[in-house]
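Residue numbers (the numbering used here), protein chains in the order written: chain A, -7 to 223; chain B, -7 to 223. Even glycine gets a Cβ: it sits at the ideal position worked out from N, Cα and C. Notes follow once the structure below has been shown.
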DNA sequence: GCGACCTATTTTGAATGCAAACTTACCTGT
DNA sequence: ACAGGTAAGTTTGCATTCAAAATAGGTCGC
């Protein structure tokens, strides 16, 4: 289905920050770029608006969503709930080979930490969290988790990682793996929540919620009716 | 925005079961009924498909989603996680007047229980749960909760309520109100989760997950390529 | 009489068209 | 020169149109 492709391509463009938060999304340009007409593109925009990645302004088109720090806080909070639940369930349901897979990813992640390779570290980090969530065996949960994390991914990765915080994160991941291997659901849930709470504190402290308000609402100054543009 | 109206009207039609689960959603008929052309209607269908209320079959149109009992189980599980989280947060953040409002709704609900008025009981029941979730002060959480509960609402309300189960549910609600008044977040979370677990057991036991499979996938018999239709 | 094949109609998916709203640029008057 | 107003040009929202796919119906053959 054409429409599905457009949704996922657009989602990538937004999550990667290629269209920066708050920037206008030019329908016509994206049509030529994605080689589709306006109809499927607009359908995709509606879907992404429902997901919270896009803001639709009546008669004024679409903008990439801009998260306030409250938004970031709220989304992390939800994420804590979802990951905590996933951790509990995963300990009941994950297979031994599933645990091994997480352990392998953990080792690779730690190696990238030692190498100071933040980008690859993030790749395996995300892989671990997704593996745990998927191990809960609950597709509805996985889907919601994916949707929520997509919205904060950019804020997370844009926040600079300090060495002490990085060390703590790796330690927490040791504890995560340990709890999973012991199949200690309650313990895993607690560690995952703390882990996310720390990440949230880091992100909000850095103030990398792109801005405080969606400065896109009606403004009295005619010159600045529009937020940032791509250029 | 016209499109938004269509989404919410269609959502009602689906949640109320007016188009029964598994039934084909006739674009043309809905267009005349909602007084819109196919474009906004189809946009709405895409949004609802992303929400999980609609199933989109390539070149075969849309169908009202049909939940397997696994789906119901999974969605209840997610709901438990979200309500548990909301309960914890609500105890920290709810105002005294907010607690009073819940207490009032609780009283009304109990009265409808005594009157044997199941419909009104459900109204206040839902009001209480939503009030607690909203009291968490986390719009992202409220929105996710709303979306998840919408998907299982029909399965819940279609399941016949037995007198003993109803009595237990009311007792649990007493405990819910009590924990909220004591602002016992952990306790409230536990009760809410247990409450939902019981409801899930009741629903799944009754087998009111509309069917076991989306019998909509490719079938070899040409005569039954389609599932149930509205008529 | 039953089933396979072929054609007509309906339905879907996407592109295009059109009116309304919004932007932008210019122009006028002070 | 600048503020306000106006008209041209975009952009948006929705309706309509068009091609492709699916469905339904009828015909022919066995």
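| Check | Outcome |
| --- | --- |
| Three-state class that DSSP yields for residue 192/A in the structure shown | helix |
| Range of the contiguous alpha helix (DSSP H) that encloses residue 115/B | 110 to 127 |
| Residue 132/A vs residue 125/B beta-carbon contact at 9 Å | no |
| Beta-carbon proximity of residue 37/B to residue 2/B, cut-off 9 Å | yes |
| Beta-carbon proximity of residue 148/B to residue 99/B, cut-off 9 Å | no |
| CB contact below 9 Å: residue 130/A versus chain B | yes |
| Alpha-carbon spacing of residue 119/B relative to residue 18/A, whole angstroms | 41 Å |
| Supposed close pair residue 46/B, residue 56/B - CB separation, criterion 8 Å | 7 Å |
| Closest residue to residue 231/B among 42/B, 30/B, 6/B and 61/B (Cα-Cα distance) | This structure does not reach residue 231/B, given that chain B is present from -7 up to 223, and the question cannot be answered. |
| Residue from 117/B, 44/B, 79/B and 7/B with nearest C-alpha to residue 162/B | 117/B |
| Sufficient close CB pairs (3 or more, under 8 Å) joining the segment 79 to 94 of chain B to the segment 83 to 99 of chain A | no |
| Contacts of residue -5/A in chain B (Cβ-Cβ under 8 Å) | 38 |
| Same chain, Cβ closer than 8 Å to residue 130/A, neighbours up to 5 away in sequence not counted | 78 and 81 |
| Beta carbon proximity, residue 85/B to chain A, threshold 9 Å | no |
| CA nearest to the CA of residue 128/A, picked from 75/A, 171/A and 154/A | 75/A |
| Short-range partners of chain B found in the segment 133 to 148 of chain A, where Cβ spacing is below 9 Å | 133, 135, 136, 139, 140 and 143 |
| Simplified DSSP state of residue 78/A, which is helix, strand or coil | helix |
| Exposure of residue 183/B, with buried meaning 16 or more beta-carbon neighbours within 10 Å | buried |
| Through-space distance from residue 73/B to residue 206/A, alpha-carbon basis | Interpretation of residue 206/A is limited by its pLDDT of 42, a score under 50 that renders its predicted location unreliable; no figure is taken from the coordinates. |
| Interface flag, residue 74/B vs chain A, CB-CB below 9 Å | yes |
| Contact under 9 Å by Cβ, residue 33/B with residue 7/B | no |
| Contacts that residue 66/B makes with chain A (C-beta to C-beta distance below 7 Å) | 130, 131, 132 and 133 |
| Residue-chain proximity (residue 44/B, chain A), Cβ-Cβ < 9 Å | yes |
| Identity of the residue in 40/B, 107/B, 5/B and 15/B nearest residue 25/B by Cα | 5/B |
| Span separating the alpha-carbon of residue 185/A from that of residue 106/A | 25 Å |
| Contact with chain B by residue 31/A, beta-carbon distance below 9 Å | yes |
| CB contact check: residue -1/B to chain A, cutoff 9 Å | yes |
| Cross-chain neighbours of residue 77/A in chain B, by beta carbon under 9 Å | 69, 70, 72, 73, 74, 76 and 77 |
| Per-residue DSSP class, three states only, for residue 55/A | strand |
| 9 Å Cβ cutoff, residue 81/B in contact with chain A | yes |
| Which listed residue (134/A, 109/A, 154/A and 41/A) has its alpha carbon closest to that of residue 58/A | 41/A |
| Cross-chain neighbours of residue 34/A in chain B, by beta carbon under 8 Å | 35 |
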